[in-house]
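Working notes for the structure below.
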Amino acid sequence: MKLNWTATLLMTLVGVIQAQQPSTSAQDQQQALIQKQNLQKTSLVKNIPFENIGPSVMSGRVVDIAVNPKQPTEFYVGYASGGLWYTNNNGTTFSPVLDTAETINVGDIAVHWESGTLWVGTGENNASRSSYAGTGILKSEDKGKTWKNVGLTDSHHIGRIVINAENSDEVIVGVAGHLYSANEERGIYKTVDGGKTWKKTLFIDDKTGIIDVAVAPQNFKIQYASTWQRDRKAWNFKGNGEGSAIYKSIDAGDTWTKISTETSGFPVGDGVGRIGIAVFDENTVYAVHDNQNRRKVKEDKGDTKGLTKEDFKTMSVEVFLEIEDKKLNAYLKRNGFQEKYRAENVKHMVRGGTVKPIDLAKYLENANAALFDTPVIGAEVYRSDDGGTSWKKTHEDYLDDIFYSYGYYFAQIQVNPSDKEHIYISGVPIVKSKDGGKTFESISAENVHADHHALWINPENPKHLINGNDGGVNITYDDGSNWLKANQPSVGQFYAIQVDNEEPYNIYGGLQDNGVWVGSSTAEEDVAWHQNGHYPWESIMGGDGMQVQVDTRNADIVYTGFQFGNYYRLNRATGESTYIQPKHELGESPYRFNWQTPILLSPHNQDILYLGGNKLMRSMNQGTDWQAISKDLTGGGKKGNVAYGTLTAISESPFHFGVLYTGSDDGFVYRSDNAGGSWTLLSKDLPKDLWVSRIVASQHAKDRVYVTLNGYRWDDFTPYVYRSEDRGATWTVIGNSIPMSPVNVIIEDPKNEDVVYVGTDNGAYVSFDRGNSWETFSKGLPPVAVHDMVIQSKSNDLLIGTHGRSIYRTNVEPLQGLTKALTKPLHIFPISDITYSKNWGNSWSKWLAPKTPETLLKVYSKKPEDFVVTISTKEGKKLYEFTTKADRGLTYIPYDLSIPKEGKKVYEKEYPDDELTKRKNEKYYLPVGTYQVQITNGATVASETFEIK
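For the record, in the sequence shown the residue sitting at position 671 is 1373 according to the working numbering, with numbers rising by one throughout.
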């Protein structure tokens, strides 16, 4: 009996240890959306305007394109986390049409062109690190002016939507399902009443969903669907399994039959990955398959290129010591071993037992080797000419360098509607075949970004293609020989942003698959650069751009890099670029670096740079030399093909050098009070196993610290935000009133310690009481994932780096003073000086619009009311009066600095030596001078002066 009880207890404990972190329910998610809508109505800051400042030229990840076949200059583009955009001039300009919806995360789009009805399956289907979940199926019957959620709210990620061209109420949806957790709402869903009701017609299991659905062009009853078993965790991604297969329906999706069987000729088993389908007619079907089975090992034909790391993995000490020094040195130099590791001293280390031969292989590996060194079969194309009964691979050799080892990100195939031998594969490059898949050629070009996800073929002119990739939209009219770029929307996917203290200041940022860019804060996001040839933003790093640190003494010295800790020290004045990633010692376990490896310049000494691996590294000389100043500050990692057990956040107290805080991707928070000499665990009472998205040592109180945790990688959308007033010894929850959405960033206001800002996967918030309550931003800012925030302290500009809509900016000076204004019924904030221009109201040509000035009168009102605004001379002579409405909270009242004819007379009477002339736009403008602004509701008056210089 005792043994049985012990066994039962052991199994229970194992179950608890291995249990999946609970995912957020659809009900809670829908309630959070309602909560946010209500907050937007009552928010004190709902009128704070945000300006999108770009950049746009590098664009962002496209997931789908829907083109009007009768008018192909009209089309919609769905961006993974940037919303839905519309053009009717062939991509010359675009307009966003999803910004008023509850989410702008897109998986697939479908359009019924005759009625203008739009369907958006929310939640990206590419299963990447930043494939954000959606909220179900959104539908618009007025071309995107308004949206309605018509169901499947727990789907998270949508693979495909297909509309019956002859009955727009009949729609098939392929649901991929949750990315990081199991769920039941996945499979094929069908509606025959425009989304009022849904019927699940195909379901495999709670880890297998639908990634693609394709229909015979002339027969909606003939449909094909590909199922995809995938399981992503923070430490591992498996994009294949027994559940991945091809199914067919002959009754418009009501019932399905599996057609990729052991006798069909199509691969089956655990190695089957993502499958894309293209249907030419009822008989001819293509499938592209990400085959995750391993390639056959080639026979060793002898050493022709010297030693390889594989040689050392099984080598004995005796054999190692017999290697010629010249041969060993060639290996060491070729593979970038540090200068101190050369044949003579490495052999000495091996003789002494401090190093083993296998360490010379391990030295070259890291936690990501399993992902990039795995020799999988990769892309394969299969064809059926009997409606899917039998399949045959179209090519003999491997299709190298199309999917590499991460075909889960692509696996799309298209067939020319008028030529069944002409097909296209979307992968890292985009390739085409004109012989039914026997041979392929690339149609990528210098102005076409890599990583392709969507392709439309004009049925009337098959040489006309519209392509969507990680760098936006490209258009060709000669079957890929030449391409146009259509990257007008600002849809950059920023991971991190930064500013410097130059005048004007510069803005830096790292983007998904688009490197690191820098631009002046005065840069205009318009098309004028097409004329002068100089885009105002400059690329300074490739890859997936990551964090940026700028030397405050010399802004030409910039530290930045790309994924997995590959950082550089740049000298922008000389063009020098120095690689500075820390390297473990020979014989040690390799360091683990996160995809978004954190770096930090010490606020106390700009020569001191910190970098987080699984240990905290410190350089005292700008990254030239490194020392690990900690033990492993994580849980030690987990076996998988994604780096895990890595640091994700670093902060140093501005009050004391060496008071350091770190956070990791597995939920550990540590503090050192002695520059890394010893470390104290601070996360014992915090939720476990969550990603520490940010830790911030306060610049206002030496013992205050903020931390945010992120449950995105568990499909847990709880906003975990905490504050400590005792250096992390105890924590206070301050995120409970934020609508449910994972938190990515928290920052303090540099001028007012009570003001704190937070960015989530669904927008941005501000608190005026250190997090006890929150207000939501909304004007000009769509429900986009906010990855980073920074305030340029001289200008008081808040910059928001979004993962889908580039960078937004607003001035927060009124927010910094709002805590005092909250005690008053009415308050007007200081008005910045204005520089006079004789060009106000004029233009050099009658064909051009006149230049018009504007200032914003920033007002706080305790309640919504009607107000009278009066503009007067400094002596109080009234020049202009108008009425306006003010909401509860902050209201920005635009004023164009003009006065009416009556005001002109008053002014000229007061100042007889001055004459105000009417401008070309028929207005009179205030001249240089000092003026008063008064705002009143009849009972309360607030006033302020401003100066035109």
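By construction, the Cβ of each residue, glycine as well, lies at the ideal position given by its N, Cα and C atoms. Here the structure is a predicted model, which is why all the values come from computation and not from measurement.
Worksheet item: Using the rule of at least 16 other Cβ atoms within 10 Å of the residue's Cβ for burial, across every protein chain shown, is Gln729 buried or exposed?
Response: The sequence position of residue 729 within the sequence shown is 27, counting from 1. Exposed, by the Cβ-count rule.
Fill in: Start-to-end residues for the beta strand (DSSP E) that takes in Gln994
As a position in the sequence shown, residue 994 is number 292, starting the count at 1. 987 to 996 is the span of the beta strand (DSSP E), which, as asked, contains Gln994.
Worksheet item: Candidates Gln1494, Gln1401, Leu1167, Leu820: which alpha carbon is nearest Thr844's?
Response: Residue numbering aside, residue 844 sits at position 142 when the sequence shown is read from its first letter. Note that residue 844 is Asp in the sequence shown here, rather than Thr. Looking from the CA of Asp844, the closest CA among Gln1494, Gln1401, Leu1167, Leu820 belongs to Leu820.
Worksheet item: At which residue ranges does the region 1194 to 1258 contain complete beta strand (DSSP E) runs of 3 or more residues, listed in the order of the chain?
Response: 1196 to 1201, 1208 to 1213, 1217 to 1222, 1239 to 1243, 1247 to 1252
Worksheet item: To which residues does DSSP link Asn1454 through a beta bridge?
Response: Sequence index remark: in the sequence shown, residue 1454 carries index 752 (1-based). Answer by DSSP bridge pairing: none, since Asn1454 is not bridged.
Practice prompt. Give the DSSP-derived three-state secondary structure of Leu705 in the structure shown.
Written response: Taking the sequence shown and counting its residues from 1, one reaches residue 705 at position 3. Because Leu705 carries a pLDDT of 36, less than 50, the predicted location of this residue cannot be relied on, and the following value inherits that uncertainty. In the three-state reduction of the DSSP assignment, Leu705 falls in the helix class.
Practice prompt. Look up Asn1031 in the DSSP assignment and say whether it is helix, strand or coil.
Written response: Numbered from its first residue, the sequence shown carries residue 1031 at position 329. In the displayed model, Asn1031 falls within a helix according to three-state DSSP.
Discussion item. Looking at Phe1105: is its Cβ nearer than 8 Å to the Cβ of Gly1080?
Written reply: As a working mapping, residue 1105 is identified with position 403 in the sequence shown. As a working mapping, residue 1080 is identified with position 378 in the sequence shown. For Phe1105 and Gly1080, yes; Cβs fall inside 8 Å.
Worksheet item: Does the Cβ-Cβ distance between Met1248 and Gly1212 come in under 8 Å?
Response: Sequence index remark: in the sequence shown, residue 1248 carries index 546 (1-based). Sequence index remark: in the sequence shown, residue 1212 carries index 510 (1-based). A contact, by the Cβ cut-off of 8 Å.
Fill in: CA-to-CA distance, Tyr781 to Gln925, given in whole angstroms
The residue labelled residue 925 in the question sits at position 223 within the sequence shown. The residue labelled residue 781 in the question sits at position 79 within the sequence shown. Gln925 and Tyr781: Cα-Cα distance of roughly 26 Å.
Fill in: Bridge partner(s) assigned by DSSP for Thr1434
On the sequence shown, residue 1434 is found 732 positions in, with the first residue counted as 1. Arg1425, per the DSSP bridge assignment.
Practice prompt. Tell me whether Ser951 is buried or exposed, calling it buried when 16 or more other Cβ atoms sit within 10 Å of its Cβ.
Written response: Position 249 of the sequence shown, counted from the first residue, corresponds to residue 951. So Ser951 ends up on the buried side.
Worksheet item: In the DSSP assignment, what are the bridge partners of Ser1321?
Response: Residue numbering aside, residue 1321 sits at position 619 when the sequence shown is read from its first letter. Leu1311.
Item to complete: Please name the residue or residues paired with Ala947 in a DSSP beta bridge.
Response: Taking the sequence shown and counting its residues from 1, the one referred to as residue 947 is at position 245. Paired residues: Thr929.
Worksheet item: Just how far apart, CA to CA, sit Val1175 and Glu1226?
Response: In the sequence shown, the residue the question calls residue 1175 occupies position 473. In the sequence shown, the residue the question calls residue 1226 occupies position 524. Rounded to the nearest angstrom, the two C-alpha atoms are 22 Å apart.
Worksheet item: Quick one, are the C-beta atoms of Asp907 and Ile977 less than 8 Å apart?
Response: Taking the first residue of the sequence shown as position 1, residue 907 is located at position 205. Taking the first residue of the sequence shown as position 1, residue 977 is located at position 275. In this structure, Ile977 does not lie closer than 8 Å to Asp907 by Cβ.
Item to complete: Taking Glu887 and Ser857 to be in contact with their CB atoms under 8 Å, please state how far apart those CB atoms are, rounded to whole angstroms.
Response: Stepping through the sequence shown from its first residue, residue 887 is reached at position 185. Stepping through the sequence shown from its first residue, residue 857 is reached at position 155. About 5 Å separates the two Cβ atoms, so the contact holds.
Discussion item. Is the beta carbon of Ile1060 closer than 8 Å to that of Lys1015?
Written reply: Working through the sequence shown from its first residue, we reach residue 1015 at position 313. Working through the sequence shown from its first residue, we reach residue 1060 at position 358. Yes, they are a contact pair.
Item to complete: Would you mind reading off the limits of the alpha helix (DSSP H) that contains Lys1134?
Response: Residue 1134 sits at position 432 when you count from the first residue of the sequence shown. Element bounds for Lys1134: not the alpha helix (DSSP H) but the beta strand (DSSP E), 1132 to 1135.
Practice prompt. Taking 8 Å as the cut-off, decide whether the C-beta atoms of Lys1576 and Thr1638 are in contact.
Written response: Reading the sequence shown from its first residue, position 874 is the one you call residue 1576. Reading the sequence shown from its first residue, position 936 is the one you call residue 1638. Their beta carbons are not under 8 Å apart, which means Lys1576 does not touch Thr1638 by this criterion.
Practice prompt. State the start and end residues of the unbroken alpha helix (DSSP H) segment that holds Thr744.
Written response: For the purposes of this step, residue 744 is identified with residue 42 of the sequence shown, where counting begins at 1. Where Thr744 is concerned, the enclosing alpha helix (DSSP H) stretches over 728 to 744.
Discussion item. Comparing C-alpha positions only, which one of Ile1352, Gly1289, Asp1258, Asp1428 sits nearest to Asn1296?
Written reply: For the purposes of this step, residue 1296 is taken as the residue at position 594 of the sequence shown. It is Ile1352 whose Cα lies nearest to the Cα of Asn1296.
Worksheet item: Expressed to the nearest angstrom, what Euclidean distance is found between the alpha-carbon atoms of Thr1364 and Asn1203?
Response: On the sequence shown, residue 1364 is found 662 positions in, with the first residue counted as 1. On the sequence shown, residue 1203 is found 501 positions in, with the first residue counted as 1. Taking the straight line joining both Cα atoms gives about 26 Å.
Item to complete: Give the secondary structure of His1166 by DSSP, where H, G and I count as helix, E and B as strand, and everything else as coil.
Response: Counted from its first residue, the sequence shown places residue 1166 at position 464. Coil.
Discussion item. On the DSSP bridge list, what partners appear for Ser1144?
Written reply: Position 442 of the sequence shown, counted from the first residue, corresponds to residue 1144. Val1133, per the DSSP bridge assignment.
Worksheet item: Going by Cα to Cα distance, which pick from Gly1379, Val1019, Asp1375 is closest to Gly1430?
Response: Position 728 of the sequence shown holds residue 1430. Of Gly1379, Val1019, Asp1375, the residue nearest in Cα terms is Asp1375.
Worksheet item: Can you tell me whether Gly1338 is buried or exposed, with buried defined as 16 or more other CB within 10 angstroms of its CB?
Response: Your numbering for residue 1338 matches position 636 in the sequence shown. It is exposed - the Cβ of Gly1338 has fewer than 16 other Cβ atoms within 10 Å.
Worksheet item: Would you call the CB atoms of Leu1483 and Phe796 closer than 8 Å?
Response: Reading the sequence shown from its first residue, position 781 is the one you call residue 1483. Reading the sequence shown from its first residue, position 94 is the one you call residue 796. Result no, Cβ atoms of Leu1483 and Phe796 do not sit closer than 8 Å.
Practice prompt. With a threshold of 16 other CB atoms inside 10 Å of the CB of Ala829, please say whether the residue is buried or exposed.
Written response: Within the sequence shown, numbered from 1, the residue matching residue 829 stands at position 127. Label assigned to Ala829: buried.
Worksheet item: How long is the line joining the alpha carbons of Asp1418 and Gly941, rounded to whole angstroms?
Response: For this step, residue 1418 is matched to residue 716 along the sequence shown. For this step, residue 941 is matched to residue 239 along the sequence shown. Approximately 21 Å, taken between the alpha carbons.
Practice prompt. Determine, using beta-carbon pairs with one atom in the region 1508 to 1520 and one in the region 755 to 769, whether at least three such pairs fall under 8 Å.
Written response: yes
Discussion item. Just to check my reading of the structure: Ile806 and Gly823 have Cβ atoms closer than 8 Å, yes? What is that Cβ distance to the nearest angstrom?
Written reply: Taking the first residue of the sequence shown as position 1, residue 806 is located at position 104. Taking the first residue of the sequence shown as position 1, residue 823 is located at position 121. With a Cβ gap of about 13 Å, Ile806 and Gly823 do not count as contacting.
Discussion item. Buried or exposed, going by whether 16 or more other CB atoms sit within 10 Å of the CB of Val1514?
Written reply: Working through the sequence shown from its first residue, we reach residue 1514 at position 812. Its Cβ being crowded by 16 or more others within 10 Å, Val1514 is buried.
Fill in: Cut-off 8 Å between Cβ atoms - residues of its own chain near Asn1031, not counting five sequence neighbours on either side
Along the sequence shown, read from residue 1 onward, the residue named residue 1031 stands at position 329. For Asn1031, where only same-chain residues beyond five positions count, the Cβ hits under 8 Å are Arg1044, Ala1045.
Discussion item. Between which two residues does the alpha helix (DSSP H) holding Arg1053 run?
Written reply: Here the question's residue 1053 lines up with position 351 in the sequence shown. Segment 1045 to 1054, the alpha helix (DSSP H) holding Arg1053.
Discussion item. Let me confirm a value: Thr1632 is counted as buried when at least 16 other C-beta atoms fall within 10 Å, else exposed. Which label applies?
Written reply: If you number the sequence shown from 1, residue 1632 lands on position 930. Per the 10 Å Cβ criterion, exposed.
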